[in-house]
Structure formats: C-alpha cells, structure tokens
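Undergrad:
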Amino acid sequence: MRVLGVNALFHDPAAALVIDGTTVAAAEEERFSRRKHGKRPVPFSAWELPELSARWCLEQAGLTPADLDAVAYSYDPELSRPAEMMGLDDPWDHLRQEYARRAPEFLAEALPGLKPERVRFVAHHVAHAASAGLASPYDDSAVLVLDGRGECASHLAGAYSDGELKVLAAQELPHSLGLFYEELTDHLGFLRSSDEYKVMALASYGTPRFREQLREYVHSDGTGGYVAHHVPWERMVPRRLAGRRITTDHADLAASAQACLEDMTLDLGRWLHDKTGRRTLSLAGGVALNCVANSRLYRDGPYEDIWVQPAAGDAGTALGAALHVAQEQEAAPVSPMPTAALGRGWSDEELRAVLEEAAVPYEEPEDIAETVAEELANNGIVAWYQGRSEYGPRALGHRSLLAHPGHPDNLERLNAVKGREEFRPVAPMVLEDRAPELFEGGPLPSPYMLFVHDVREPWRAKIPAVVHVDGTARVQTVEERTEPLVARMLAAFDRRTGIPVVVNTSLNTAGRPMVDSPREALECFGSAPVDLLAIGPFAVRRGRAFA
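Each residue of the sequence shown is one higher than the last, beginning at 13 in the numbering used here.
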C-alpha cells in the first residue's frame, strides 16, 4: 500500500510517503522552494500544492504518481461551513473551500499519471491526531490536537485503541487557542502564523499581570472544550509596530497570554485523562510546538509520558493523513515514526562533487566529529550539515549551527550570525545518558526539543549560553544508537572541555528556511561569520575558503 500524504490548504505545505505502513520520506515545501513556511496562509494561496516535496518523496522511493494507491489530502471541504456562519472574519474563505474541493484535479495536474479518484480527503484534525497517535511509539494513547483552525473546529480530544481513533470532544470555531495566540503575535508586532515562538521566548522576560483579565475571555467550559472570545488587546497594552522597541508591557502581555495558554492546555489535558484514564498522551497541532506549555502539562498534569509530533504544525498533517489512510487499508497496524530525519540527504561522493564544482578548498579529516569538537573547544562556530534533513521546524543535529555553551557571549554571537532578536534563546544538545546530571523538571530523554527543562544549579554557570533568562533550557537529548555521529562529536567535546553539551540552533539566517541542500549550506557559510563547515566527512575552513 503506497500512500502519499499532502498538506496544502493553509500554511506549511508538505508531503509524506508511507509504504506498507512505514514512513519512508517526509519534507516541507519550504526546503525546496526556499520560501519561509512555503506560503502565507491566505485564501489566494490555497491552490498552491507541495509539488516539489511530493515529487521528491516519490523519487526517494523510486515511484511514479501512477504507482500510488492513494493520495491523502489533509482537509475535508465537506466538513466546512461558510466563514460567516463560523464567526470568522474571512470574506475570501469561500475561495479556499473551492480550491480544496478541486484538489483532486489540481493534484492530478501537478503529478502526471495520478488518477483524481485516488485522492482521499482526511479531516484536518484527524490528520493532526494521526500524526501524533499513530506516529508515536505508544500503541494506545490519549491524543490532544490544538491549533488555529481546521474545517470548522480548532481542537480535538480523543484516544487511539488498536489504531482506531475515538473522538471525545472538539471545539467549534470561532473559539480557538491557536488564533488567540496568533492575534497576540500580530499585536506585539510580529508576523502571525509564523512568529508565535518569538512570543513564547519573550514571555520569559515578563510578569503575567494580565492573566486574570485574559481568563475572562479564554477559559475552559468543563465539557472538554473552551471559550476563546476576541481579546481587546489594546485596552491592556498598545499595539507595537514592527521594528519598534519592545517594552516591559509587551513582555508582560506575552507572559500573561503564555500563562493563559498553559492553564488551558492543562485543563484540557486533565479532562481528557479523566475520560480515558490513559497513561500516555500524544500531542499535535501548532500549539503543541509551544514547548513551555508542553512542559507545564508534563509537570503538573496526570500523564506519565507525553509524545509530541516533531512536525506538530500543519506540515505534520501530510504524514498524519497518509498514516490514517494506510491504517484504514492495511491489515497490520502502521509503524511508529522512525525518526525526524525524513528529508533529503546526499552521499559523501555527491557532497565531494559539490565542493569540487564550487572550487572550495576542503579537508577530509580522519574523523569529522573530532575535528568539529576541536573547533568548538577553541570557541569556533560550526555549521553542521549531516545526513537527511529534519521534518519539522527544529534543527536536531542534521542542519545545525553549533557553538561552545560555556561562553555567555555565544548567545549574542549566534543571534548576530543569524540576524535575529537578542531575546531569542539557543538550545543545548546533550548526550542522553548525561542529561539527568544537568537538567530536571521535564521528560528525559527528549530527542525532539519540544520541552523545556530546568538547568541544575551547579551547571548554570558552566553552560550559560544555553540557559534562558528563567533558568530553563530547551533540551535535545542525543542517543548513540540513533545518532552515532552526533554522539561521537559530543563525547569528543566532553573529553576536551568536561562539558557534554554543545549549543545547537538551526542552520539558517533570519527569515529564511533551514538549509537543506549542500549548495545552500555553502551559501549560508559564505554569507555568515561561521568558522567551519562540517559537510558530511569534509571540513571547509573560513580562513582557507576566503583567503
């Protein structure tokens, strides 16, 4: 059974391929088109399909569109209603719905050989749920989806049993925690449906003094759903224009909304646990990328384990839709998501050919892990380009910028390299077996960087570059079995410094997608003050490349 999953309608277009119940490829369109988030989430872009990522998925498996048994499209227009009936101010939404209805024809045109009748519509939140519940390592789990909007809802609460989803609650629009946070993002002068993570980072600098006011507008309803009325943000703090100075009031408003979101997530999680009694919870939807809220739910909630889809936003619905259709058709259950490294990769010889064509002087050291560890120990910044690219917004040791965590100015240095706001944190990458020595208060292991942890007091002075203003860090643990090269580099750095941690942030500059191809890695290295590019087994040094 060969199923191609497609997310296209709102934002973060992506494609994923599931063959005989196993995920073999998944990638976001932005990595190919080089447009951040693929496109803006407006009705006039709804017709755009992830053509490049879909074609790559098929090529990766040696398939043609005619070989597909099904294409799963993560939106069902039959479930939608006119925007005005749902209380949404979206006068062109009817255009979006028309594009969705015609998706089979558009897909057949984009993928010659595909028969339109093989396109299956999968409800948006069912696709989100499958990307969590079916992709997680747990056979049975409660599942919670929170995002901006789907066809007519913004939330799903349910449980998986033997691969079947039972929906227990769904919140109808216009009430939406995702839209609540998006509106705040816009009010604070950031780009909505894009920069919500900046609001989460800013919240750590504020005091939640508007929390109770916000609870008048956003609160649980006691039946598994919630109320989220439009918030008159201007009455609390004046709008910040993009590029203007961020004040304490702005940070306080961000902190208040973040606290409100955490309260709501915890309320909904507890209700779901009361209904299901499940030990484990799987999360998806754009709100599930809020690692601070995830950690609050883990710390104060009733679940023993929480698994979050690494591509929790709309990109993940491509995989979820494919898994859902495959699960319906397969005699055996589909397999859990094997890794987040599901995107493009290049062989060592292909990388060598790119370097030769670019006429860039390079070395081939005996062990690139040792070379990088030495550079980091000497306080160099390293662009790390290894293996297949990550599915989702987090750099997880395949397309990363690395630095020494022991120098406090490396946070400012990396933010300058990337051209981003000074309040933005960077993350620690740590050997899995050493993580409990340094971090507490969150689930360990934590391979996908989707929770925050408290940094233990003795280590705060040793790794200041990765300690956020509130004493926390967004940890990524590295297991030697699944990431042997990264683990070897971390161990080599530990031998030199006594620190089993390196700084890890995404290999890109502000406003651009994460680097995906070798050429993009060279372009980023050439345009940013990075000391070493580790590309496969090869090392390119700035002093030699630009002598």
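Note that the Cβ used here is the ideal one computed from N, Cα and C, for glycine as well.
DSSP state of K474, grouped into three classes?
TA: As a first step, residue 474 is located in the sequence shown; it is residue number 462 there, counting from the start. DSSP places K474 in coil when its eight states are reduced to three.
Undergrad: Cα separation between S216 and A266?
TA: Within the sequence shown, the letter at position 204 stands for residue 216. Within the sequence shown, the letter at position 254 stands for residue 266. When rounded, the distance between both Cα atoms is 8 angstroms.
Undergrad: What's the C-alpha gap between A112 and L158?
TA: Looking up residue 112 in the sequence shown gives position 100. Looking up residue 158 in the sequence shown gives position 146. Cα to Cα, the separation comes out at about 22 angstroms.
Undergrad: Which residue marks the beginning of the alpha helix (DSSP H) containing M276, and which one marks its end?
TA: Stepping through the sequence shown from its first residue, residue 276 is reached at position 264. First-last of the alpha helix (DSSP H) with M276: 260-288.
Undergrad: Which whole-angstrom value describes the C-beta separation of L519 and R411, a residue pair presumed to lie in contact below a C-beta threshold of 8 angstroms?
TA: Position 507 of the sequence shown, counted from the start, is the residue given in the question as residue 519. Position 399 of the sequence shown, counted from the start, is the residue given in the question as residue 411. With a contact defined as Cβ atoms closer than 8 angstroms, L519 and R411 qualify at about 4 angstroms.
Undergrad: Check whether the Cβ atoms of V479 and R472 lie closer than 8 angstroms to each other.
TA: Position 467 of the sequence shown, counted from the start, is the residue given in the question as residue 479. Position 460 of the sequence shown, counted from the start, is the residue given in the question as residue 472. In this structure, R472 lies closer than 8 angstroms to V479 by Cβ.
Undergrad: From T292, S347, G237, A344, pick the residue whose C-alpha is nearest to that of V320; which is it?
TA: The residue you call residue 320 lines up with position 308 of the sequence shown. Per the Cα distances, T292.
Undergrad: Within 10 Å of its beta-carbon, does G50 have 16 or more other beta-carbons around it, so buried, or fewer, so exposed?
TA: Here residue 50 refers to the residue found at position 38 when the sequence shown is read from its first residue. So G50 ends up on the buried side.
Undergrad: Starting from I580 and walking both ways along the alpha helix (DSSP H), at which residues does that stretch end?
TA: No answer is possible for residue 580: it lies beyond the span of the chain, which begins at 13 and ends at 559.
Undergrad: Would a C-beta distance cut-off of 8 angstroms place K48 and R524 closer than the cut-off?
TA: Taking the first residue of the sequence shown as 1, we reach residue 48 at position 36. Taking the first residue of the sequence shown as 1, we reach residue 524 at position 512. Yes, the pair counts as a contact, with Cβ atoms nearer than the cut-off.
Undergrad: Starting from A439, follow its DSSP beta bridges and name the residues at the other end.
TA: By one-based count along the sequence shown, residue 439 stands at place 427. Looking at the DSSP assignment, A439 forms a beta bridge with N516.
Undergrad: So what does DSSP say about G162, is it helix, strand or coil?
TA: Looking up residue 162 in the sequence shown gives position 150. In this structure, G162 counts as coil in the three-state DSSP scheme.
Undergrad: What is the DSSP secondary structure of S294, reduced to helix, strand or coil?
TA: Translated into the one-based positions of the sequence shown, residue 294 becomes position 282. The answer is strand: DSSP assigns S294 an E or B state.
Undergrad: Which partner residues does Q341 have in the DSSP bridge list?
TA: Position 329 of the sequence shown holds residue 341. None, per the DSSP bridge assignment.
Undergrad: Is it true that the CB of F451 sits closer than 8 angstroms to the CB of R468?
TA: Counted from its first residue, the sequence shown places residue 468 at position 456. Counted from its first residue, the sequence shown places residue 451 at position 439. Contact: yes.
Undergrad: Starting from L64, trace the beta strand (DSSP E) in both directions and tell me its first and last residue.
TA: Locating residue 64 in the sequence shown gives position 52, counting from the first residue. Counting along the chain, L64 falls outside any beta strand (DSSP E), though it belongs to the alpha helix (DSSP H) covering 63-73.
Undergrad: Could you tell me which of F192, M501, D482, L301 sits nearest to A546, measuring between CA atoms?
TA: As a working note, residue 546 is residue 534 in the sequence shown. Closest by alpha carbon: M501.
Undergrad: Mind checking who V18 pairs with in its DSSP beta bridge?
TA: Working through the sequence shown from its first residue, we reach residue 18 at position 6. DSSP, once it has assigned bridges, lists A27, Y85 as partnering V18.
Undergrad: Using the Cα positions of P89 and W104, report the straight-line distance between them to the nearest angstrom.
TA: Here the question's residue 89 lines up with position 77 in the sequence shown. Here the question's residue 104 lines up with position 92 in the sequence shown. Computed Cα separation, rounded: 15 angstroms.
Undergrad: Reducing DSSP to helix, strand and coil, say where A395 ends up.
TA: Your numbering for residue 395 matches position 383 in the sequence shown. Looking at A395 - three-state DSSP - the assignment turns out to be strand.
Undergrad: Among P53, N19, A66, L16, which one has its Cα closest to the Cα of R356?
TA: As a first step, residue 356 must be located in the sequence shown, where it is residue number 344. Out of P53, N19, A66, L16, A66 has the C-alpha closest to the C-alpha of R356.
Undergrad: Counting along the chain, where does the alpha helix (DSSP H) carrying S45 start and finish?
TA: Position 33 of the sequence shown, counting from 1, holds the residue named residue 45. Here the alpha helix (DSSP H) through S45 covers 42-45.
Undergrad: Closest to V394 by C-alpha separation, out of R400, I380, V179, would be which residue?
TA: Numbered from its first residue, the sequence shown carries residue 394 at position 382. Comparing Cα positions, the closest option is I380.
Undergrad: Using three-state DSSP, classify H140 as helix, strand or coil.
TA: Walking along the sequence shown from the start, residue 140 turns up at place 128. Reduced to three states, the DSSP call for H140 is helix.
Undergrad: Compute the Euclidean distance between the alpha carbons of G145 and H167, then round it to the nearest angstrom.
TA: Residue mapping note: residue 145 aligns to position 133 of the sequence shown, counting from 1. Residue mapping note: residue 167 aligns to position 155 of the sequence shown, counting from 1. One C-alpha to the other measures close to 15 angstroms.
Undergrad: Using only CA atoms, which one of L280, G218, C272, A28 lies nearest to V243?
TA: Position 231 of the sequence shown, counted from the first residue, corresponds to residue 243. Of the listed residues, the one whose Cα sits closest to V243 is C272.
Undergrad: Using a Cβ distance threshold of 8 angstroms, determine whether the region 270-289 contacts the region 217-230, with at least three qualifying pairs required.
TA: yes
Undergrad: Based on the DSSP output, what are the partners of G431 in its beta bridges?
TA: The sequence position of residue 431 within the sequence shown is 419, counting from 1. For G431, which the question treats as bridged, DSSP gives no partner whatsoever.
Undergrad: Contact defined as beta carbons within less than 8 angstroms: I believe Y238 pairs with L196. What is the distance between those atoms, to the nearest angstrom?
TA: Residue mapping note: residue 238 aligns to position 226 of the sequence shown, counting from 1. Residue mapping note: residue 196 aligns to position 184 of the sequence shown, counting from 1. The pair is not a contact, with the Cβ atoms about 16 angstroms apart (cut-off 8 angstroms).
Undergrad: Quick one, which of T235, A439, T329, P405 has its alpha-carbon nearest L414's?
TA: In the sequence shown, counting from the first residue as 1, residue 414 sits at position 402. Of T235, A439, T329, P405, the residue nearest in Cα terms is A439.
Undergrad: For a test of the three-state rule: what should DSSP assign to H465, helix, strand or coil?
TA: As a working mapping, residue 465 is identified with position 453 in the sequence shown. Here H465 sits in strand by DSSP.
Undergrad: Helix or strand or just coil, what does DSSP make of R524?
TA: Residue mapping note: residue 524 aligns to position 512 of the sequence shown, counting from 1. R524: coil per DSSP, three-state reduction.
Undergrad: Report yes if the CB atom of G332 is closer than 8 angstroms to the CB atom of A182, and no otherwise.
TA: The sequence position of residue 332 within the sequence shown is 320, counting from 1. The sequence position of residue 182 within the sequence shown is 170, counting from 1. Taking 8 angstroms as the Cβ cut-off, G332 and A182 do not qualify as a contacting pair.
Undergrad: Verify whether the separation of the beta carbon atoms of S307 and G454 is less than 8 angstroms.
TA: In the sequence shown, residue 307 corresponds to position 295, counting from 1. In the sequence shown, residue 454 corresponds to position 442, counting from 1. For S307 and G454, yes; Cβs fall inside 8 angstroms.
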